[in-house]
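Residue numbers (the working numbering): 185 to 1031.
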């Protein structure tokens, strides 16, 4: 919506107050003296301060004139002019010569001549110019309005004849040049009581050229934050939806709640209705969003179970809320109910429940959270809804709930830091989730991937059917001691206790296959893990001149504890991600969650070298290894998800891990980390990233990331994973920029090769090798844009990430062009256009 404010009313107030000067005794002093007069308003409480070089009373003409740098102040408003005259005969006030009015909000009104009646209800202003700074979305915006002549009537309405409006700054070198954009109208009417600006016979000009015409429209003025009216339109075009457009209607019912109704007319599917209710209360706010359609042409979409083409009614209901109980506690929710998994994507519905572009999943949650000085509490439930065709909803867990509590204190007497960590997790799912370790896979109902053979040697259990609940508590203490020669000794101890209640469900297929992995009886199990350890560091510090230091620091750590119990007999829901690298080398327990507890005696050794210098120079090198000194190695024996093997920790002497960081200045940084095989030093894991900002030499910023992970067939990755991601932005001018990003999939040809081998084994004659380049563009983004104080314009082209499909190996990708134009204070228009036939969009039939 367009918003701006005039301050004609304030100029009338000041002029009328000037009339009161005439009723005071005349005051005349020399031209070099300051003249000050005070006048009481009708209320008898407010006074006007007048400062001028000269005040002249003309009894013959019955006028009073103030001249010479006239300045008048009243209630925070300042009127300045070369000359101000009050005509007692006509009751009119004239301000001439560089007339300028600044009100309490900072708005500045200038004009060649102000002419108002003494009751300030009627009058004229010649060559009016209004400049006001307002705040929009947390950013200051300066609006500018001008007109050859303006008329104010009845103290309520101001009419600007042949007026113009813009939020753009004038050109510094050529102020007469047309701004980037402006609105010109035959008449612009500002109604103060309605706080609304009406435009008649208006046109939008870009660089002085008219590009759009509207015979009539209206917008709130800048003082209005919320106002009933139509919002900026949205346009839609796709082969499955047809041509469409929507004009949202915003209804400001009350200061603290409103309603937005958005009907979208689609030529192929009919009318899509969307509505959003927002309500702010004293301690928080919530909203409710609903969307729905009775689609006319279901043939545009695939039929169940691959799409919703056989559905007539489709829709969604969503709500978010956040409420503060007090300064430390809050609670809220984010809930989404969908008629089908394809609705949001097919109809391009904005949803706050979507997790990310790469993971098609809607997450609903209800939570309670508390934050203390040294404590934290969070309890929440989750409902996950998979939005991909390959997702089977019965395999999605329902978390009811997960609780986390952390408290840290400094115990009296022994010092150091004592920590309490509590986690309670309870979840259930209808169907067990399996993952094949081999290229031979099975499919549930011909659609959902599972194992061909349900055997622990060739099949993983990502989630059990039935329910699982666990309560865990971890008590830990640590304290750092520094001896006289600078050695750092850090003793620590912790005690971990977990209780499990497992109720697996073996009814139906594939749940019956779960009996090959775990026992079939409900069970209550307990596990305890006490530990004691010591960490040693001896930093050798040396100065390198007056501006830097270097530190060589050997690090040794040992942790002693009993063996881990019940490996492979307990579900693993939250500890399936295990990455052994530099950041986890000195972790007391290297598992990522509570469902696993590392056991045995383990020693971690490392050497760290750090250099700091002038102008932000920083370099760091870390290299180390971990050893299983005694007891059972927790990473040698896999669980139901086979976590541990192929991690680099499964042997008595682990793989080597290292890190190198380099930051020569604030504009450049490089980091690489790697894991090397402990037997032959081959590269098992490698990551490298560089970011650069070439200012002030070139207005370019860029980043480059490369990753390569060796094959891990023990956990389902039969081929190496390799990729390269790059992004850059070039600010061609202070306003224009180009940007781009690309993600290269460097291992795709390995999958194509396996697919061909599988086809050849079945049908050698018809097998076709889908030859692909080794550097396959998985996703791509290109953009060009312009941004200044009043305009934002951008065009972006994107190729969606590859989405593996179970039937063809891959689905086609979406190619999308997004155009966005924002004229600040006027509104925003976006156009999102898919290129091609949209056959790659899930649930959409080929056109």
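Glycine included, every Cβ here is placed at the ideal spot set by N, Cα and C. Since the model is a prediction, treat every value here as computed from it, not as a measurement.
Using the rule of at least 16 other Cβ atoms within 10 Å of the residue's Cβ for burial, across every protein chain shown, is residue i buried or exposed?
i: residue 759; result: buried
i: residue 850; result: exposed
i: residue 211; result: Residue placement at residue 211 is poorly supported in this model, since its pLDDT is 36, which falls under 50; the coordinates still yield a value, given next. Exposed, because fewer than 16 other Cβ atoms sit within 10 Å of the Cβ of residue 211.
i: residue 214; result: Because residue 214 sits at a pLDDT of 29, beneath the cut-off of 50, its placement in the model cannot be relied upon, and the following sentence gives the value as read from the coordinates. Looking at its Cβ environment, which holds fewer than 16 other Cβ atoms inside 10 Å, residue 214 is exposed.
i: residue 952; result: exposed
i: residue 564; result: buried
i: residue 356; result: exposed
i: residue 148; result: With the chain represented from 185 up to 1031, any question about residue 148 goes unanswered, as that position is not in the structure.
i: residue 405; result: buried
i: residue 316; result: buried
i: residue 277; result: buried
i: residue 453; result: buried
i: residue 244; result: exposed
i: residue 946; result: exposed
i: residue 686; result: buried
i: residue 757; result: buried
i: residue 220; result: For residue 220, the predicted structure reports a pLDDT of 34, less than 50, and the residue's modelled location is therefore unreliable. A value from the coordinates is still provided. Counting Cβ neighbours within 10 Å, residue 220 comes out exposed, since fewer than 16 surround it.
i: residue 1027; result: buried
i: residue 209; result: The predicted model places residue 209 with a pLDDT of 34, which falls under 50 and marks its position as unreliable; any figure quoted below should be read in that light. The residue in question, residue 209, is exposed, as its Cβ has fewer than 16 Cβ neighbours within 10 Å.
i: residue 555; result: exposed
Candidates the options: which alpha carbon is nearest residue i's?
i: residue 389; options: 365, 290, 379; result: 365
i: residue 861; options: 474, 391, 831; result: 831
i: residue 786; options: 777, 806, 815, 762; result: 815
i: residue 163; options: 266, 694, 845; result: Since the displayed the chain opens at 185 and closes at 1031, residue 163 lies outside it and no answer follows.
i: residue 246; options: 235, 275, 238, 257; result: 275
i: residue 1016; options: 706, 554, 534; result: 534
i: residue 571; options: 663, 594, 520, 591; result: 520
i: residue 560; options: 536, 507, 593, 581; result: 593
i: residue 335; options: 328, 299, 329, 826; result: 299
i: residue 812; options: 804, 792, 829, 783; result: 783
i: residue 383; options: 641, 401, 761; result: 401
i: residue 983; options: 924, 1008, 937; result: 924
i: residue 502; options: 511, 486, 547; result: 547
i: residue 853; options: 876, 837, 844; result: 876
i: residue 341; options: 372, 606, 326, 358; result: 372
i: residue 310; options: 319, 331, 324, 323; result: 331
i: residue 470; options: 691, 536, 578; result: 536
i: residue 864; options: 296, 840, 848; result: 840
i: residue 172; options: 754, 633, 788, 457; result: Absent from the structure is residue 172, since the part of the chain shown begins at 185 and ends at 1031.
i: residue 855; options: 968, 238, 767; result: 767
i: residue 859; options: 445, 380, 833, 845; result: 833
i: residue 233; options: 242, 711, 241, 255; result: 255
i: residue 693; options: 578, 935, 610; result: 578
For chain D, check one thing: does any of its Cβ atoms lie closer than 7 Å to the Cβ of residue i?
i: residue 545; result: No chain D appears in this structure, which consists of one protein chain only.
Where does the unbroken beta strand (DSSP E) through residue i begin, and where does it stop?
i: residue 932; result: Residue 932 -> not in any beta strand (DSSP E); alpha helix (DSSP H) instead, spanning 932–946.
i: residue 461; result: 454–465
i: residue 137; result: The chain is shown only over 185 to 1031; residue 137 falls outside these bounds and no answer can be derived.
i: residue 1026; result: Neither: residue 1026 is in no beta strand (DSSP E) and is coded neither H nor E.
What residue range does the alpha helix (DSSP H) around residue i cover?
i: residue 844; result: Where residue 844 is concerned, there is no enclosing alpha helix (DSSP H), although the beta strand (DSSP E) it sits in stretches over 840–849.
i: residue 527; result: 527–530
Just checking residue i against the ligand NAP - is the residue's beta carbon closer than 6 Å to any of the ligand's heavy atoms?
i: residue 424; result: The ligand NAP is not part of this structure, which contains no ligands at all.
Q | Stretch-stretch touch, CB-based, cutoff 8 Å, three pairs: the stretch 614–630 with the stretch 584–602 | A | no
Q: For the stretch 695–703 and the stretch 655–663, state whether three or more C-beta atom pairs, one from each stretch, are separated by less than 8 Å.
A: no
Q: Evaluate contact between the stretch 461–479 and the stretch 1003–1020, counting only Cβ atoms and requiring at least three cross-stretch pairs below 8 Å.
A: no
Q.
Between the stretch 798–810 and the stretch 624–635, can you find at least three pairs of beta-carbon atoms closer than 8 Å?
A. no
Q) Do the stretch 718–727 and the stretch 641–658 meet, that is, are 3 or more Cβ pairs less than 8 Å apart? A) no
Q. For the 8 Å Cβ check, are there 3 or more pairs between the stretch 632–643 and the stretch 665–679?
A. no
**Q.** the stretch 673–688 touching the stretch 713–722, judged by at least three CB pairs closer than 8 Å
**A.** yes
Q.
Contact between the stretch 523–531 and the stretch 465–485 is defined here as three or more beta-carbon pairs at a separation below 8 Å; is this criterion met?
A. yes
Q) Can you list the beta strand (DSSP E) stretches of 3 or more residues lying completely in the stretch 658–695, in chain order? A) 672–688
Q) Taking the runs of the beta strand (DSSP E) that are 3 residues or longer, which of them lie wholly in the stretch 370–419? A) 380–390, 393–404
Q: At 3 residues or longer, and completely inside the stretch 594–649: list those beta strand (DSSP E) runs for me, N to C.
A: 601–613, 617–620, 625–628, 632–635, 643–647
Q: Report yes or no: do the stretch 792–806 and the stretch 742–754 share at least 3 C-beta pairs separated by less than 8 Å?
A: no
Q) In the stretch 320–365, which residue ranges form an unbroken beta strand (DSSP E) of at least 3 residues, counting only runs that do not cross its ends? A) 323–337, 341–350
Q | Runs of beta strand (DSSP E) lying entirely within the stretch 794–832, each at least 3 residues, in chain order | A | 802–814
**Q.** At least three beta-carbon pairs within less than 8 Å, the stretch 880–892 to the stretch 904–924
**A.** yes
Q) Which residue spans inside the stretch 470–517 form an unbroken beta strand (DSSP E) run of at least 3? A) 497–508
Q | Whole beta strand (DSSP E) elements within the stretch 237–308, 3-residue minimum | A | 238–242, 247–258, 261–271, 276–286, 292–301
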